[in-house]
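Heads up, the thing below is written out as structure tokens.
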Amino acid sequence: TILLLDFGSQTSHLILRCLRAHNVYTEMLPCTTKLDTLTFKPKGVIFSGGPASVYDARAPHVDPAIYDLGVPILGICYGCQEIAWRASTDNVARGEAREYGHTDVTIKKVEGAEHVNQLFQGLGEEMHVYMSHFDKLVKLPENFVTIASTDNTEFAGIAHKTKKIYGIQFHPEVSHTPRGTELLKNFAVDICGARQHWVMADFIQQTISDIRKIVGEKAQVIGAVSGGVDSTVVAKLMTEAIGDRFHAVHIDNGVMRLNESQEVQQLLKQHLGINLTVIDGSKVFLDGLKGVTEPEKKRKIIGGLFIDLFEEEALRIEKAAENTPNAGKVEFFVQGTLYPDVIESLSFNLSDTIKTHHNVGGLPARMMNGQGLKLIEPLRMLFKDEVRAFGRQLGIEEGLVMRHPFPGPGIAIRIIGEVTEERVNIVRKADHIFISMIKEAGIYDEMAQAYAGLDSNRAVGVMGDARVYGYIIILRAVCSVNFMTAEPYEFDFKLLTKIARRIVNEVDGVSRVTYDITSKPPGTIELE
Ligand code: XMP
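Start counting the sequence shown at 17; every next residue gets the next number (the UniProt record's numbering).
Structural data, given as structure tokens:
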């Protein structure tokens with residue numbers, strides 16, 4: 017394992033991704049982590065970048081005991097300044113100008129010092145890199161040599177003469193440093209000797225055996241499944257680990273897509289052999305949403321009813337379990353939390369308020385506090401694409417593995433205004449046509465999310481010879497890497513008009529179709 021100590025840079029998690037892509041297992045912890053609290057012995061340590069200035073009184077610093085571990089250290093940007101500052105506080109000062117953007121570094125070979133040259137091994141004499149810093153090294157720390165420089169920064173790369181300690185001023189983890197991942201691999205594999213054995217199959221076996229250890233021989237576990245990839249992977253994994261002692265619960269909230277709940281049932285129960293209960297809550301939810309138009313209120317109502325129904329089911333499962341001789345109490349609640357959700361709570365935050373992540377709809381908080389259940393999050397170390405790879409290994413079909421995410425409040429936040437059964441049905445039909453045609457055109461995987469929504473207004477149209485006053489469908493399809501920003505998908509115009517024609521022809525009551533071309537920001541992906 018490589019230990020990544022995070023100083024709060026926006027790109028710290030990308031260091032972890034790069035290393036995992038080279039099959040090197042890496043864990044990220046806040047930079048202030050005390051060495052004696054570590055549960056593993058790292059093969060090497062990386063200090064990330066960060067927004068602070070090392071010479072400020074409030075600046076974060078690593079536990080000095082890290083330097084006594086005797087393992088290689090790589091400092092990136094702030095991390096490099098941290099190393100230099102530790103050697104002598106006057107090694108770092110504010111630069112005249114912020115150095116920001118693309119630049120080339122010249123790599124310097126140092127004669128007779130093998131480990132010093134290992135970091136840039138195989139990367140040639142020049143390397144295109146991305147810099148973003150104000151502070152810089154103004155002196156070479158004692159016992160260090162320069163291994164890279166730019167026109168602006170004499171000490172763009174430094175290495176200790178005898179110890180395997182390195183610092184670089186640029187960011188190897190971002191895509192603007194094209195060969196940066198090779199540099200990180202040089203550090204982790206060649207310099208630290210980390211093994212490249214982060215393989216999905218092993219990870220699955222390890223996770224299954226961990227779950228068995230945690231849950232024990234008798235206890236039962238419950239979890240909610242939506243039909244999305246995360247909860248399905250969790251459910252399959254739990255089933256592999258403890259069989260029918262895992263109880264998956266799917267609640268039809270009345271605002272799922274066309275036939276979605278039936279499909280979830282078929283796929284999870286019949287195809288994947290998961291012990292699943294489907295609860296039809298559609299009437300309860302639609303009654304609860306009657307007359308409500310305010311987006312956040314819709315979310316609260318759906319979230320609250322979901323918890324109520326889930327709790328009821330958990331109690332029922334618990335009661336039923338009392339009568340089974342070989343099974344124990346329901347003691348655990350499982351959730352498909354992913355790494356980006358926990359990253360905030362692991363990373364270092366300058367304001368000292370290290371955030372705990374939000375759990376969707378407050379479900380775990382109520383299950384844990386109200387019923388004393390313990391939380392299991394088997395995917396908490398994984399990124400979305402890793403969960404997808406994980407799903408494939410577990411035999412989950414490709415269509416589900418690559419499915420676009422779908423929000424908990426479902427179609428309700430894609431219908432502007434009141435959610436009624438009639439309006440839900442219109443959106444369902446239009447959405448089904450839209451998504452089927454996208455899939456037929458082979459472009460589903462090119463977009464991060466796509467759906468049909470509904471405007472609160474109506475518009476005039478002519479159909480046949482008659483004047484109609486019909487519904488307005490809003491189509492939205494976006495490309496996005498992390499859902500924080502998004503761009504509209506650039507449709508082939510012929511395809512788009514074909515989709516619009518089919519929707520107007522086949523969905524009763526619709527007279528117009530529009531395509532939303534707003535980026536995020538300023539728009540959001542959902543309509544509400
Ligand atoms: P926005 O609309 O904020 O969405 O650009 C960003 C991503 O978050 C999803 N989303 C939600 N997911 N409950 C969820 O489970 C919600 O209330 C919710 N609101 C938005 C949205 O689908 C997109 O992927």
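Just so it is clear, CB atoms sit at the ideal spot from N, CA and C, and this is done for glycine as well.
Judged by beta-carbon spacing, ILE318 lies beyond the 9 Å limit of GLY386, meaning their Cβ atoms are not closer than that value. Take the alpha-carbon of ALA381 and the one of GLU127: they are about 59 Å apart.
Here LEU302 carries a helix assignment [DSSP, helix/strand/coil].
Under DSSP, THR162 forms a beta bridge with ILE174. Using a cutoff of 8 Å, the CB of PRO423 counts as near ligand 1, since one of the ligand's heavy atoms is closer than that.
For ARG396, there is no enclosing alpha helix (DSSP H), as DSSP marks it with neither H nor E. If you draw a straight line from the Cα of GLN137 to the Cα of MET463, it is about 38 Å long. The DSSP-derived three-state label of HIS144 is strand.
In this structure, ILE174 has its CB at a distance of at least 8 Å from all heavy atoms of ligand 1.
Within its own chain, the residues whose Cβ lies closer than 6 Å to the Cβ of ARG396, once the five positions on either side in sequence are excluded, are THR353, VAL358, listed in chain order.
About 27 Å separates the CB atoms of ALA493 and TYR485; that is not less than 8 Å, and the two are not in contact. Annotation: ALA251 to VAL241 spans about 7 Å, alpha carbon to alpha carbon. Membership of ILE451 in the alpha helix (DSSP H) is indicated by the continuous run 437 to 456.
Here SER277 carries a helix assignment [DSSP, helix/strand/coil].
About 6 Å separates the CB atoms of LEU19 and GLU43; that is less than 8 Å, so the two are in contact.
Cβ contact annotation for ILE89 (same chain, cutoff 6 Å, sequence separation greater than five): VAL61, ILE181, in chain order. The stretch 106 to 122 and the stretch 146 to 153 touch, with no fewer than 3 CB-CB distances between them shorter than 8 Å.
For the pair of segments examined, the stretch 93 to 107 was found to touch the stretch 63 to 74: the number of CB pairs separated by less than 8 Å reaches three.
Unbroken alpha helix (DSSP H) runs of no fewer than 4 residues, entirely contained in the stretch 75 to 104, are found at 94 to 103, following chain order. DSSP places GLU43 inside the beta strand (DSSP E), whose first and last residues are 42 to 46. The criterion of a C-beta distance shorter than 9 Å is not satisfied by SER472 and GLU438.
Nearest neighbour of ALA475 by Cα position, chosen from ASP461, LEU511, VAL520, turns out to be VAL520.
The alpha-carbon of PRO394 is positioned some 16 Å away from that of HIS263. Of the heavy atoms belonging to ligand 1, at least one sits nearer than 8 Å to the Cβ of ILE541. A heavy atom of ligand 1 is found nearer than 8 Å to the CB of GLN465. Taking GLN185 as reference, the option from ALA468, ARG114, ARG404, THR55 with the minimal CA-CA separation is ARG114. Contact between the stretch 442 to 452 and the stretch 507 to 522 is established, with three or more Cβ pairs separated by less than 8 Å.
For LYS400, the shortest separation between its Cβ and any heavy atom of ligand 1 does not lie below 8 Å.
For GLY117, the enclosing beta strand (DSSP E) has its first and last residue at 108 to 123. Residue burial annotation: ALA482 is exposed, with fewer than 16 other C-beta atoms found within 10 angstroms of its C-beta.
Here VAL245 is near ARG419, since their CB atoms are less than 9 Å apart.
The three-state secondary structure of ILE489, taken from DSSP, is strand.
When Cβ pairs closer than 8 Å are counted between the two stretches, the stretch 522 to 542 is seen not to touch the stretch 288 to 303, the count staying below three. In this structure, LEU389 and GLU347 form a Cβ contact; the two beta carbons are roughly 7 Å apart against a cut-off of 8 Å.
Listed as beta-bridge partners of PHE507 by DSSP are no residues whatsoever. Contact check for GLN351 and GLY239: beta-carbon distance about 7 Å, within the 8 Å limit, so the pair qualifies.
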